[in-house]
Structures are given as structure tokens and as C-alpha cells.
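Residue numbers for the sequence shown follow the working numbering, so the first one is 5 and each next one is one higher.
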Amino acid sequence: MDLNRFSRQVVEIMPLIFREFVRREDNELTRGRISFPQMVALHHLARHEKSKMTDLARLLSVRLSTATVMVDRLVRAGMLRRRHDEDDRRVVWVRVTPKGKKAVGRILEQKRRSVRGIFGKLTGRERSQYLGILLKVKRGLGGATLLLAAFLGTLGPASAAGKDSKIPPPAPLDLSEAYRLALKQSEDVAIRQEALQAAQGHFYQAFEVVLPKIDYSMTRTDQDAPAGASASDSITSTSLRRSTPLRKFTLNQPLFSGFKEFAAIQGAGAEKSQRRHEIRRAKELLFFDVMEAFYAALEAQKDAEILNSIRKLMKDRRAELIERARLGRSRESEAQSAVSDLKLVEAELEEAARRRTLARQLLEFYIGEELKNGLKDTELPLHLLDETSASPARAKDRSDVRAAESAKTLAEKGAVAARAGLLPTVSLDGNYYTKRVGVQSGIDWDVVLKVDVPIFDRLDTFGEIKVAESERETAVIHRRKAGRLAELEIKNAVEDFSAARRIQRKLWEATRASKRNYELQAREYRLNLVNNLQVLEALRNYEDVYRRFNEAYYRMKRAFWALRVALGEGVW
């Protein structure tokens with residue numbers, strides 16, 4: 005191939021390939037939070053312990069000032085940190101943080117997944133040939149490898165959207181992609197994510213009764229006092245000082261609070277666990293909603309296709325009857341009966357279109373964008389489901405049941421903390437003075453051991469205990485109810501899926517038989533062996549059975565995923 009022609013085609017194809025990578029991935033790079041050169045720097049630092057700023061600039065083929073700006077942004081994002089060399093302060097070392105390593109790992113894993121998805125359509129031999137060509141090109145690049153990568157990186161969405169690029173139409177949306185988009189859009193999941201952050205804050209707050217509190221205090225007291233009163237360090241002179249400065253470190257260390265501190269920490273941990281399980285359950289329920297809308301749209305779409313095929317048969321039947329009536333071999337009323345049946349099918353087509361539109365609008369609401377292309381139906385991953393292990397005993401592993409269990413633990417620890425109000429509290433207060441005047445100027449520190457024994461507090465503590473114990477019992481009841489409901493849902497889901505599979509198989513056999521019956525009836529009508537009513541009845545029966553099979557087919561698919569959700573298994 006001519007080199008000029010080769011270069012033109014490569015420049016046209018590469019943006020489309022890059023665009024497909026971007027569509028499949030969701031990370032800091034595709035969202036524009038980091039640039040491609042910044043990704044190169046992060047990848048380099050993730051593979052090496054540290055690097056100098058000058059080495060990074062050389063790696064990126066940019067000036068030191070430009071590299072500094074890029075690193076500054078990554079430092080602000082918490083992905084890199086800088087430290088001066090201990091022996092030579094002029095040398096600055098750059099290291100990647102755990103957050104940066106996690107971002108690099110996520111990007112690379114998604115890249116590998118995209119490569120598997122895109123190149124999985126090639127044979128093993130074709131992939132080997134392609135890899136061999138890439139390695140040969142890489143060897144010829146030498147030090148220009150990064151520059152080529154940067155060049156390809158610029159062929160991102162902006163280049164792919166250029167007017168000279170031939171952008172293919174969007175690929176049909178499958179269920180997994182619809183769920184991925186819905187996860188990004190879901191407000192329910194986002195709310196539960198924020199609830200988890202609040203639980204993390206409660207966990208930190210629980211340590212306030214365990215860890216010491218240290219402050220530095222500065223005060224200055226001025227008063228109306230006789231002149232010269234501050235010249236002496238006697239007790240009287242100290243009390244009559246015009247100005248009394250005081251600076252000190254203060255320490256407050258709780259020693260015992262009726263085990264409230266341990267209950268608070270354990271309760272905060274249980275709350276975090278509860279929020280995590282609630283997030284997981286919210287994702288599972290979101291998948292269920294997306295799945296229902298997705299298959300409702302597909303079912304209505306397939307129903308419309310069935311009705312269109314039936315309408316074609318109806319039109320052919322009407323044309324045949326009109327011709328037979330013209331020849332005197334059939335009554336005109338038979339042709340009119342066919343017209344009536346045809347109009348009924350067309351009315352049902354309108355209803356199917358309405359249902360398809362509503363389902364697509366609901367799906368667009370979930371994914372947060374317009375459906376610009378069709379939906380792609382895929383085979384069920386039946387290998388993921390072992391019906392023999394679909395036991396109600398697995399209810400205890402469901403995320404909502406585990407969330408209820410964590411909520412019960414939280415309530416139990418709350419009751420323990422409330423009862424601790426009946427026990428004495430012990431704390432230690434200490435002061436270390438950095439500036440003191442007057443008679444106490446030579447005293448640098450003091451310590452106070454404080455013991456508080458509750459005697460009577462207007463029954464406030466008993467009220468708190470009563471409320472906490474009631475909340476604990478309520479949580480126990482909720483946990484029991486969640487477990488029983490989960491067991492019932494699993495039993496129902498197993499039966500629904502098993503029955504749906506059997507019904508779907510029988511209706512498929514019935515569909516084939518009814519189609520064959522209609523074909524035989526139509527042939528026998530031409531031989532005057534049956535009348536027109538029998539043929540129309542066979543056609544109506546074929547339409548009814550075929551549509552029932554379509555409904556059962558998608559009911560079976562819904563039942564499969566409903567069983568997966570009922571078992572608390574990962575949907576993907």
C-alpha cells in the first residue's frame with residue numbers, strides 16, 4: 005500500500021478506535037480530571053519509587069516549568085507529593101501517593117478490559133500478528149515512543165468529532181452498559197454514598213472519649229489596680245496586678261466513662277458496615293429497575309415486530325380474498341372480515357408503540373441520556389446461576405439483611421452507651437504553663453484527677469436508657485423481618501424463574517405448531533377443504549400464541565435477574 009494512503013487511513017481510523025476506548029471507560033483520564041502527560045507521569049512514578057523533577061521533564065519532553073505546573077495539579081489532587089532531598093535541599097523528589105497508585109491501577113485495568121473487549125473479535129493468530137507489528141513499530145521508535153503516544157492521545161473526542169472523520173453510529177445499548185450509565189446517574193446511590201461519609205464522621209467522633217484533647221491557651225487579664233502593685237510576687241500583689249498574662253498547654257484525658265467509649269466505637273463501626281451494605285443493596289435495586297425498563301422496551305419492540313409480520317399476513321390474506329371475491333369464489337363479507345382483523349392489528353401496533361416509548365423514556369431517565377440507537381438483547385449468563393444452591397438459607401448473606409444486622413448491632417451498642425450513664429466517669433486534666441507571673445510564676449504544671457459519680461439527674465439517664473432499649477428491640481424486630489422477607493423473596497424468585505422457563509419452552513413449541521397450523525389451513529383453503537373462518541381463526545391463534553411467547557420470553561429473562569438480586573449475588 006502507498007505510504008500516503010496508509011497514513012491517511014490510519015489518521016482516520018485511530019480517532020474512531022480511541023473514541024471507542026473512551027466510551028467503554030470511566031476514569032480520571034476519560035473524565036478529563038487528568039491529562040494524558042499527567043497519566044504518563046503517574047504511570048512512571050507508580051513503577052519507580054521516586055523521580056526528580058528534571059527527570060520527569062525529560063520523560064515528558066517538556067520544559068521544567070511546564071512539568072512543575074503539571075505536578076502541582078497532581079499534588080493538589082492528592083495523587084503526588086513532593087519532598088526536598090535531605091542532603092541537598094536544591095533537589096526535589098516526586099513520589100506517587102496511594103490515591104495516585106489507585107487511579108493508575110483503575111485506568112490500566114479499564115484499558116486492559118477495553119482491549120479484551122475490542123480485540124476479542126479477532127482470532128488468536130490475528131492478535132499475534134497485530135502485536136508483532138506493534139512491537140516492531142515500537143523498536144523503530146526509540147525515544148519517540150512517548151511522543152507517538154502523546155500524538156495518539158490528542159486524537160481524543162475532539163479529533164474524533166472532526167467533520168472529516170467518519171464517525172460510526174452509536175452502538176446499540178445492552179443491559180450491562182445501561183446499568184453502568186444508571187450507576188453514574190443514580191441519586192439514590194449518591195445519597196447512600198454521602199450517608200457512608202457521615203458514618204465515617206461518626207466513627208471519628210467516637211474517638212473523642214478515648215483520645216486526649218490537647219490545646220494551647222493564651223489569656224491576658226487587665227484590671228483597675230494601684231500603680232506599682234505588680235512589682236512584688238506576694239499573694240496580695242499578685243491579686244492586685246494591673247495586667248496578668250497566662251500561657252499554657254491544657255490536656256484532658258478521659259480515663260473511664262462506663263465503657264461508653266468502646267460501645268461508641270463499636271457502634272460507629274457497625275454504622276459504617278450498615279451504610280456499605282445499603283449502598284450495595286441500592287445498586288442491586290437500581291439494576292432491577294433498569295432491567296425492568298430495558299426488557300419492557302425490548303418486549304414492546306419485539307411485540308411490534310410480531311404484529312408487523314401478522315399485519316403482512318393479514319394484508320396478503322385480504323388481497324387473496326378480494327381476488328377470490330372478484331372471481332366469485334368467495335363472499336365479499338369474508339374480505340371485509342379480513343379488513344376488520346387488519347385494523348385491530350394496527351390498533352394493537354399503536355399500543356405496542358406507546359408501551360415502547362414509555363419504557364424507553366423510563367430507561368432514559370435511569371441512564372441520564374437520550375437513547376440515540378436501538379437496544380441490544382443478549383443471551384442470559386445462565387452459567388452464573390446454580391439453581392440447586394438457590395436456597396432460602398442464603399438470605400442471611402443478602403446486603404439488606406446484613407445491613408439490618410449491622411443496624412441491630414448499632415442499636416445494641418447504643419443501649420450499652422445509654423446504661424453507661426449510671427456509672428461514674430473519671431478524667432484527668434493537666435496544665436503545662438509556658439508563661440506565668442506573680443506568686444505562681446515558678447509552678448510550671450498541675451494535674452487534676454476528676455471523678456464524677458451520678459446521683460440524681462432528674463431521670464434523664466433512665467429516659468435515655470428506655471429509649472435506647474426500645475430502639476434496640478425495634479432493630480431486632482426489623483432484622484428478623486428482613487430475614488423472613490428475604491427468604492420469602494428467594495423462594496418466590498426460584499419458583500418464578502423455574503416456571504417461567506417451563507412456560508417459555510411450551511409456548512415456543514405452541515408458536516411453532518400454531519404457525520404450521522395456519523400455513524396448512526391457508527393451503528387447504530385454496531383447495532376448498534376449509535372455510536375462511538377457520539383460516540382467520542388459525543391466524544388469530546398464531547398471533548395470540550406468538551405474542552404470549554414473546555411475553556413469556558422476557559418474563560423469563562426478568563425472572564432470571566430477579567432471582568440473582570433476590571440471592572444478593574453480584575449482578576455483573
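Where is the CB? At the ideal position from N, CA and C, for every residue including glycine.
Per the C-alpha coordinates, the member of M83, Y558, D548 positioned closest to L348 is D548. Per DSSP, N377 lies in no alpha helix (DSSP H) segment and is marked neither H nor E. Assigned with DSSP and collapsed to three states, K54 falls in coil, not helix or strand.
Annotated three-state conformation of S344 is helix, per DSSP. Straight-line measurement puts the Cα of I17 at about 15 Å from the Cα of L7. Boundaries of the beta strand (DSSP E) around L259: 247 to 260. Taking the Cα of I447 as reference, the smallest distance to any Cα among A566, L215, R77, Y436 is reached at Y436. By the criterion of at least three beta-carbon pairs nearer than 8 Å, the region 304 to 314 is in contact with the region 545 to 561.
Of the residues assessed, M560 falls on the buried side of the cut-off, its CB having 16 or more other CB atoms within 10 angstroms.
Burial state of F553 is buried, judged by a 10 Å Cβ sphere holding 16 or more other Cβ atoms. When C-beta atoms of the region 293 to 310 are compared with those of the region 465 to 481, fewer than three pairs fall below 8 Å, so the two segments do not count as touching. Proximity to W449 across V193, G418, L255, R129 peaks at L255, based on C-alpha coordinates. For G124, there is no enclosing alpha helix (DSSP H), as DSSP gives it neither H nor E. By the neighbour-count criterion, in which a residue is buried when 16 or more other Cβ atoms sit within 10 angstroms of its Cβ, K140 is exposed. Between R321 and A342 the beta-carbon gap is near 5 Å, inside 8 Å, which marks them as a contact. Of the other Cβ atoms in all chains shown, fewer than 16 fall within 10 Å of the Cβ of Q365; this residue is therefore exposed. For S431, the enclosing beta strand (DSSP E) stretches over residues 429 to 439.
Assignment of beta-bridge partners to H88 by DSSP yields V96. Using a Cβ-Cβ distance cut-off of 8 Å, the region 47 to 58 and the region 113 to 128 are not in contact, since fewer than three pairs of beta carbons, one from each stretch, lie closer than that value. Inter-segment contact for the region 29 to 48 and the region 66 to 76 is present: three or more beta-carbon pairs are separated by less than 8 Å. According to DSSP, S221 shares a beta bridge with K252. Sorting A411, K439, E24 by C-alpha distance to the C-alpha of T478 places A411 at the top. Secondary structure note for D404: its alpha helix (DSSP H) is the uninterrupted segment 403 to 423. The count of Cβ pairs closer than 8 Å, one atom from the region 268 to 280 and one from the region 403 to 418, reaches three, so the stretches are in contact. D404 is the residue among D404, R335, S431 whose C-alpha sits nearest the C-alpha of Q278.
Assignment of D30 by DSSP, reduced to helix, strand and coil, places it in the coil class.
Just so you know, the alpha carbons of A566 and Q197 end up roughly 24 Å apart. If you look at D456, you'll find it in the beta strand (DSSP E) that goes 449 to 456.
It is roughly 15 Å from the alpha-carbon of K485 to the alpha-carbon of D401. Taken in chain order, the whole alpha helix (DSSP H) runs of length 4 or more contained in the region 59 to 84 are 68 to 80. Secondary structure at D226: strand, using DSSP grouped into helix, strand and coil. Annotation for V498: the continuous alpha helix (DSSP H) segment containing it runs 464 to 530.
Inclusion of E473 and A419 in the CB contact set at 7 Å is warranted, their separation being smaller than that value. A distance below 7 Å separates the beta carbons of L432 and Q257. When the beta-carbon positions are compared, V480 and V455 stay at least 7 Å from each other.
Straight across, the Cα-Cα distance linking K217 with L259 is about 12 Å.
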